[in-house]
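J.: For reference, the structure I am asking about is given below.
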Amino acid sequence: MIQATTHSYQLRVLSIITFLLSVATAGSYGSQFASEVIEYSPAPGQFVGDELYNDPLKALGRPYGGGFSDPDNSSLVTLGGVGGNLVLGFDDSVVDDPANPFGLDCIVYGNGHWVLDNPNRKWAECGVIEISVDANSNGLADDSWYLIPGSHIVEPSGQWSIWGWDDDISDLAFPPLDATWIPNGFSGYWTTQTYLLPECVFSMDILENANGLGAEEESVWGYADLSPTESLPGGVAAEDFYARPDNPFAVGLTPGCGGGDGFDIAWAIDENTGEPAGLSAFDFIKITSAVDYVSPMFGEKSTEVDAVVDVQAGSIGDADGDGDIDVHDYEIMEMCIGHPGMATPTSPCRVVDFDGDGDVDLSDYCELQRGFGN
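Residue numbers (numbering that gives the first Met the number 0): 0 to 373.
Shown next, in the form of structure tokens:
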């Protein structure tokens with residue numbers, strides 16, 4: 000059986016020591032990046048026993064990207080198979096800010112990438128994102144969790160699944176069947192759980208855009224390890240580059256961003272009722288492998304995490320998130336203004352609902368106009 004409490008405590012102490020050492024030698028990770036490992040509970044997988052990929056401290060600080068089609072795997076932690084998870088904490092609460100680019104508040108970086116430079120065909124190992132508020136102010140992730148459902152969790156209770164594992168590779172009733180896939184410190188029988196992403200979409204080697212291979216709109220969004228991580232350009236601070244999000248609804252990467260998979264706190268729902276959580280901020284993030292698939296050639300679908308970052312505040316009116324307010328932002332406003340329901344939390348038009356009242360109208364137009372040219 001897993002000694003979860005002792006395991007989590009040891010990781011917590013280790014992450015704190017490492018963080019303090021980094022402050023003394025090279026400065027902190029920066030308050031924008033996740034700075035503490037709360038828990039690391041990988042499921043069985045082909046890399047969970049490899050010291051290059053099973054160090055959860057690699058998920059702290061900035062990401063290291065290789066570009067669209069050639070990921071840099073040097074700073075990743077693997078979560079193993081379905082149900083493996085990682086819980087991280089921040090120095091400061093991540094706040095829901097409608098002024099952020101695209102209205103997004105946080106970005107998760109992994110090693111997802113495009114197949115042959117085609118952004119509509121991806122090597123993606125998607126993980127589900129959950130967030131929690133430190134409501135009791137004890138510094139522990141022991142309060143309620145809220146789900147970021149993304150594009151394909153439409154019935155949370157029906158998609159909640161539990162898997163059994165054991166360390167007896169001769170026991171065909173429970174995987175794994177390879178001893179090298181057993182995570183360090185795990186023995187006996189144990190379970191993992193997550194919200195399972197639909198097999199018909201995610202359980203295959205390559206994730207293709209359901210809108211077509213020439214589409215401009217994404218069909219999958221709101222999950223970890225879906226999009227590429229760009230290399231850091233020379234002369235640009237990592238805190239700036241990797242804190243600017245990509246538009247998750249548009250195919251390709253937004254110019255000037257570091258890639259990754261951004262989400263809006265406003266997307267969070269109560270996992271029990273399915274109703275909007277109404278959160279204004281969060282303190283902890285949980286990322287869980289959510290695809291039950293083992294490829295004969297490539298092994299299990301295993302979410303990898305490189306970094307998590309609090310989005311850099313944007314400017315009211317910068318609807319396309321490119322750092323200025325210009326004619327392209329007006330084009331987005333013209334598409335959205337006056338259309339009922341266009342400012343729902345998961346609508347692309349939420350980025351021009353500048354006053355946060357649930358619709359796009361004249362007051363939002365005035366906010367954009369005030370910032371034009373900045």
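All C-beta atoms in this analysis are idealised placements derived from N, C-alpha and C, irrespective of residue type, glycine included. This structure is a prediction, so every number in the text was calculated from the model and none was measured.
Tell me, which residues are paired with residue 287 by DSSP?
T.: Paired residue(s): 84 and 127.
J.: Apart from the five residues just before and just after residue 303, which ones in its own chain have a Cβ nearer than 6 Å to its Cβ?
T.: So the qualifying residues of the chain are 75, 77, 109, 110 and 224.
J.: What residues match up with residue 258 in a beta bridge as DSSP calls it?
T.: In the DSSP output, where bridge partners are listed per residue, residue 258 has 228.
J.: Is DSSP giving residue 146 helix, strand or coil here?
T.: In this structure, residue 146 counts as strand in the three-state DSSP scheme.
J.: Among 300, 34 and 268, which has the Cα closest to the Cα of residue 155?
T.: The residue with the shortest Cα to Cα distance from residue 155 is 268.
J.: In three-state DSSP terms, what is residue 220?
T.: It is coil, neither helix nor strand.
J.: Using beta-carbon positions only, say whether residue 226 and residue 245 come within less than 8 Å of one another.
T.: Cβ distance < 8 Å, so residue 226 and residue 245 count as in contact.
J.: With a threshold of 7 Å on Cβ separation, who are the neighbours of residue 66 within its own chain once the five nearest residues in sequence on each side are excluded?
T.: Hits under 7 Å: 227, 229 and 230.
J.: Should residue 161 go down as buried or exposed, given a rule of 16 or more other Cβ atoms within 10 Å for buried?
T.: Exposed: under 16 other Cβ atoms inside 10 Å.
J.: Closest by CA to residue 297, which one among 279, 123, 239 and 88?
T.: It is 123.
J.: So residue 120 and residue 306 are in contact, right, with Cβ under 8 Å, and what is the actual spacing, rounded?
T.: That belief does not hold up - the Cβ atoms of residue 120 and residue 306 are roughly 24 Å apart, past 8 Å.
J.: Residue 289 and residue 126 look like a contact to me (Cβ under 8 Å); what is the Cβ gap, rounded to whole Å?
T.: Right, the Cβ-Cβ distance comes to about 6 Å (below 8 Å), so this counts as a contact.
J.: For the alpha helix (DSSP H) holding residue 157, just list the boundary residues, first then last.
T.: Taken as a continuous stretch (DSSP letters only), the alpha helix (DSSP H) holding residue 157 covers 155-158.
J.: Could you tell me the alpha carbon to alpha carbon distance between residue 265 and residue 98, rounded to whole angstroms?
T.: In a straight line, the C-alpha of residue 265 is about 13 Å away from that of residue 98.
J.: Assuming residue 150 and residue 221 are in contact, meaning their beta carbons sit under 8 Å apart, how far apart are those beta carbons, in whole angstroms?
T.: Contact holds; Cβ gap of about 6 Å.
J.: Thinking C-beta only, is residue 276 closer than 8 Å to residue 93?
T.: In this structure, residue 276 does not lie closer than 8 Å to residue 93 by Cβ.
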